[in-house]
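Novice: One structure follows; several queries about it will come next.
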Amino acid sequence: MEWIDKALHFFGLGWLNGMIAVGSVAFAVLAYIWARKRTKISHVHLGEHLLGSASDSLPPAIVVQYNGHSIPRLTKSLLIIWNSGENTITGDAIVEKDPLRVQIGEDGKILSVSVLKTSRAVNDFRTVPYVNEQANEAILSFDFLDSNDGAVIEILHTSTDRKPRLKGTLRGLPKGFTNVGQFTRPKPQKRSKAGKLADVVFSPLVLASAGFLFALYGPRPSVLPPDGGNSFVPGVLGGFFGMWVAYAYGARRRYPRALHLEALE
592 MEWIDKALHF FGLGWLNGMI AVGSVAFAVL AYIWARKRTK ISHVHLGEHL LGSASDSLPP
652 AIVVQYNGHS IPRLTKSLLI IWNSGENTIT GDAIVEKDPL RVQIGEDGKI LSVSVLKTSR
712 AVNDFRTVPY VNEQANEAIL SFDFLDSNDG AVIEILHTST DRKPRLKGTL RGLPKGFTNV
772 GQFTRPKPQK RSKAGKLADV VFSPLVLASA GFLFALYGPR PSVLPPDGGN SFVPGVLGGF
832 FGMWVAYAYG ARRRYPRALH LEALE
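For any residue, its number in the numbering used here is found by taking its place in the sequence shown, counting from 1, and adding 591.
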């Protein structure tokens, strides 16, 4: 049958050996990634003004108090911090002269700081207000952090800056902490049946399958040399596979699943 002959010709091409070689290299790279041992702490942040704004204080007619003291604005910042390496990090790695701490803008004061969630209670992740004149900082401490262990920290403060900063020095982390950036809440959208169908039709998997079938049975583009066999096929497959990888990478959650909260959506 004609389609069987085409399939046999397709799988008998020399480019298949090349793809196997590329796959072997990719497997070697992945094996290196899985086997490596790093000491690394990463964090993402999220902030919003609950009352007031970055440029203006509350109107004079509106008075907001916290523990009996008037405040110009109320800002909430979230900091998600976790062990993004493979090595266990113990609490005694924190340098006493430069403790691990979260810091807000110098124009504000921390009103409260709390741990909303931890990966495991046994990590004993804690926060305490700074005991000196630095009212815009709070100390963080923990017993140990295995890979992907961490915590979600909430800071209520009066600064115009919504971005919290992670400060301090840990032994074994000469380059400091890795700032992954701002976590953006996904916008809730109501999808119609047509929209959901479009998501399926134009999904990377469906597009890759369509490209495979077109490359195998469709007409050969005139811009390609006539004696080049079906070299068009691996190019199409590679392009759609690369698109799928880029899509999956961009849609990933940047922090461990164990630290996910409904409030972050």
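Just so you know, even glycine gets a beta-carbon here, dropped at the ideal spot from N, CA and C.
Determine the burial state of Q656: buried for a count of at least 16 other Cβ atoms within 10 Å of its Cβ, exposed for fewer.
Specialist: Flag for Q656 reads exposed.
Novice: Quick one: is E537 buried, meaning 16 or more other Cβ sit within 10 Å of its Cβ, or exposed?
Specialist: Outside the modelled stretch of the chain, which goes from 592 to 856, sits residue 537, for which no answer is possible.
Novice: Which value, in whole angstroms, describes the spacing of the CA atoms of I672 and G699?
Specialist: If I take the Cα positions, the gap works out to 22 Å.
Novice: Are G741 and S703 close, meaning C-beta to C-beta below 8 Å?
Specialist: No, Cβ-Cβ distance for G741 and S703 is not below 8 Å.
Novice: Starting from E639, trace the beta strand (DSSP E) in both directions and tell me its first and last residue.
Specialist: First-last of the beta strand (DSSP E) with E639: 632 to 642.
Novice: Tell me, please, whether the stretch 759 to 767 touches the stretch 690 to 697 by the rule of three or more beta-carbon pairs shorter than 8 Å.
Specialist: The stretch 759 to 767 is in contact with the stretch 690 to 697.
Novice: Once you ignore the five residues that flank L642 on each side, which residues in its own chain have a CB closer than 7 Å to its CB?
Specialist: Counting only Cβ-Cβ distances below 7 Å, and skipping sequence neighbours, we find L649, V655, R664, L665.
Novice: Give me the Cβ distance between T630 and G763, rounded to the nearest whole Å; I'm assuming they're in contact under 8 Å.
Specialist: T630 to G763, Cβ: 5 Å. Contact.
Novice: Distance check for I653 and V713, CA to CA, integer angstroms please.
Specialist: Near 44 Å, if we compare the C-alpha coordinates of I653 and V713.
Novice: Looking at G696: is its Cβ nearer than 8 Å to the Cβ of D752?
Specialist: The answer is yes: Cβ separation under 8 Å.
Novice: I'd like to check one pair, I744 with R701: are the Cβ atoms closer than 8 Å?
Specialist: First, the amino acid is wrong: residue 701 is Ile here, not Arg. Contact flag unset, no.
Novice: Give the single residue among E639, L669, H660 whose Cα lies nearest to the Cα of L588.
Specialist: Because the chain in this structure spans residues 592 to 856, residue 588 falls outside the shown range and cannot be described.
Novice: Out of L852, P847, A729, state which residue places its alpha-carbon closest to the alpha-carbon of I632.
Specialist: The shortest C-alpha separation from I632 is found at P847.
Novice: Taking only the alpha-carbon atoms, compute the straight-line gap between I685 and P765 and give it to the nearest angstrom.
Specialist: Distance between the alpha carbons of I685 and P765: 12 Å.
Novice: Beta strand (DSSP E) containing K667: first to last residue?
Specialist: Segment 665 to 674, the beta strand (DSSP E) holding K667.
Novice: Using the three-state DSSP reduction, which class does L764 fall into: helix, strand or coil?
Specialist: Here L764 sits in coil by DSSP.
Novice: Kindly list the residues whose CB is nearer than 6 Å to the CB of L707, restricted to its own chain and excluding five residues on each side of it in sequence; keep chain order.
Specialist: The answer, listed in chain order, is V743, E745.
Novice: To the nearest angstrom, how far is it from the Cα of Q773 to the Cα of H634?
Specialist: In a straight line, the C-alpha of Q773 is about 9 Å away from that of H634.
Novice: Could you spell out where the beta strand (DSSP E) holding L702 opens and where it closes?
Specialist: Start and end: 701 to 709.
Novice: Can you name the start and end residues of the beta strand (DSSP E) that L731 belongs to?
Specialist: From DSSP, the beta strand (DSSP E) with L731 extends over 728 to 732.
Novice: Around the C-beta of N770, are 16 or more other C-beta atoms found within 10 angstroms, so that it is buried, or is it exposed?
Specialist: Classification for N770: exposed.
Novice: Quick check on the burial criterion: 16 or more other C-beta atoms within 10 angstroms. Buried or exposed for E639?
Specialist: With fewer than 16 other Cβ atoms within 10 Å, it is exposed.
Novice: Is it buried or exposed, E853, if we count other Cβ atoms within 10 angstroms and call 16 or more buried?
Specialist: Classification for E853: exposed.
Novice: Under the three-state reduction of DSSP, which class applies to L852: helix, strand or coil?
Specialist: Correct three-state label for L852: coil.
Novice: Around the C-beta of S661, are 16 or more other C-beta atoms found within 10 angstroms, so that it is buried, or is it exposed?
Specialist: By the 10 Å Cβ count, S661 comes out exposed.
Novice: In terms of residues, what are the limits of the beta strand (DSSP E) holding R756?
Specialist: Its beta strand (DSSP E) spans residues 756 to 758.
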